[in-house]
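Chemist: So that we are looking at the same thing, I have put the structure below in structure tokens.
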Amino acid sequence: MMTLYYCEICEKRVRATKSMRDRYKGIDDPVIICQICRYKKLVPRNLLCTRTIKSGRLCNGVRFDRNTDKCALCRRKGYE
């Protein structure tokens, strides 16, 4: 089964790796943003992680799920 994903910002097709497909399978409303939009920092603040790092800035990680407020890395490291 081939599932097509499209970037929410530039609306271009995103190639889905096996790990992406497995991750998105368990999420009701996933956030899908291509690498180019991430690199150019076009991601709106409401889709970024809300954790404050030691320097006082916010984490720049992109969330994969709209229902959580942390990116995958912050959740994996156990930041609450």
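The opening position of the sequence shown corresponds to residue 0 in numbering that gives the first Met the number 0, with each subsequent residue numbered one higher. Glycine is no exception: its CB is placed at the ideal position from the N, C-alpha and C atoms. Since the structure is predicted, the reported quantities are computational estimates derived from the model, not experimental observations.
(1) Are the CB atoms of residue 36 and residue 6 within a distance shorter than 8 Å?
(2) Expressed to the nearest angstrom, what Euclidean distance is found between the alpha-carbon atoms of residue 29 and residue 52?
(3) Helix, strand or coil for residue 46, going by three-state DSSP, please let me know.
(4) Just to confirm before moving on: does the CB-CB distance between residue 50 and residue 69 stay below 8 Å?
(5) What are the complete alpha helix (DSSP H) segments, minimum 4 residues, inside the region 6-45?
Modeler: Quick answer:
(1) yes
(2) 24 Å
(3) helix
(4) yes
(5) 17-24 and 34-38
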